[in-house]
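What follows is a short report on a single structure.
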Amino acid sequence: MAKTLYSATMSLDGFIAGPGGDMSWLKEHIGPNPEVAGLIEEIGSLLVGKRSYSGDDPHRGDPEREGKAFGGGWDGPQFVLTHHAPAEPVPGVTFVGDLESAVAAAKAAAGERYVNIIGADVARQCLEAGVLDEIFVFVVPVLLGDGVRLFDHPGGTNVKLERIGVSHAEGATNLRLRVV
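Here it is, written out as C-alpha cells:
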C-alpha cells in the first residue's frame with residue numbers, strides 16, 4: 089500500500105517559498121542531489137495543493153522544465169486538491185474536492201510507491217488527518233526571512249518525528265523523517 093511523503097526544499101529559517109509564494113530563490117539551490125534523484129524513483133503519484141499547482145515555478149522561463157514536476161524529472165498521475173477545478177480537463181491531472189478522496193485516489197494510483205505531497209497546506213491537512221507518513225526536507229543554506237513555512241499551525245500540537253536518515257549533498261542537508 090502506498091505511503092504519503094511530504095518533500096520540500098527549505099531555507100534554514102523554515103520557509104519553502106518566499107513572500108507571495110515566490111519560488112525564484114530556489115533556482116540557485118537546485119543542483120545534483122542523489123537523495124532527490126532516489127526520491128523521484130520512489131514516487132508513484134503526486135498530491136498537490138491548488139496554490140502550488142497554479143503558483144510560481146523555479147524553472148520559469150525554461151521551456152524544457154517549466155510547469156513539470158521536479159523540473160521534468162518525474163512524470164505520472166497528479167491529483168490536485170481544490171474546490172475550484174478548471175472547466176477544461178488537464179491531461180494527467182485529476183482535480184479532487186476533498187482531502188479523503190484525494191488521498192485515496194493518489195494512493196490507488198501510486199500502487200506500492202509513494203504519494204509525494206507538494207504544498208504546505210495540503211501537507212498540514214494530511215498531518216492533521218493522520219495520513220502523513222514521512223517528511224523529506226532538503227535544507228539549503230539561505231535565510232529567506234518571510235514566506236511560506238514548511239508547516240504553519242499557530243498554537244499547533246507537538247508532533248513526534250523519528251529520524252530515518254540524514255545525508256549531505258552539494259549545497260543541502262537532507263533530513264528524512266517518519267511521523268510517529
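Mapping of the sequence shown onto our numbering: position 38 corresponds to residue 126, and the numbering continues sequentially without gaps. Heads up, the beta-carbon is just placed ideally off N, CA and C, and yes, glycines get one too.
Residue i, DSSP secondary structure in three states
i    : result
L135 : strand
F103 : strand
G126 : helix
A257 : strand
Contact set for residue i: own chain, Cβ-Cβ below 6 Å, skip 5 residues either direction
i    : result
F183 : V168, T170 and A173
E66  : Here the chain comprises residues numbered 89 to 268, so residue 66 is not present and cannot be evaluated.
Proximity test, residue i beta-carbon vs the ligand NAD heavy atom, cut-off 7 Å
i   : result
M89 : The ligand NAD is not part of the structure shown, which contains no ligands of any sort.
CB contact check: residue i to chain D, cutoff 8 Å
i    : result
G244 : The structure shown contains no chain D; it is built from a single protein chain.
Residue i, buried or exposed, once every other Cβ within 10 Å from all chains shown has been counted against 16
i    : result
T245 : exposed
M98  : buried
A217 : exposed
S95  : buried
E116 : exposed
Residue i to residue j span [Cα, whole Å]
i    : j    : result
L33  : D186 : What is shown of the chain runs 89 to 268, which leaves residue 33 out entirely.
G109 : A175 : 24 Å
V228 : G102 : 10 Å
F224 : R264 : 4 Å
R251 : Y141 : 29 Å
L100 : S255 : 16 Å
R139 : A105 : 11 Å
H38  : R212 : Residue 38 cannot be examined here, being either before or after the span of the chain that is shown, 89 to 268.
Contacts around residue i, its chain only, beta-carbon distance under 7 Å, and the 5 residues preceding and following it disregarded
i    : result
V268 : K248, L249 and E250
L231 : S99, L100 and D101
F158 : I128
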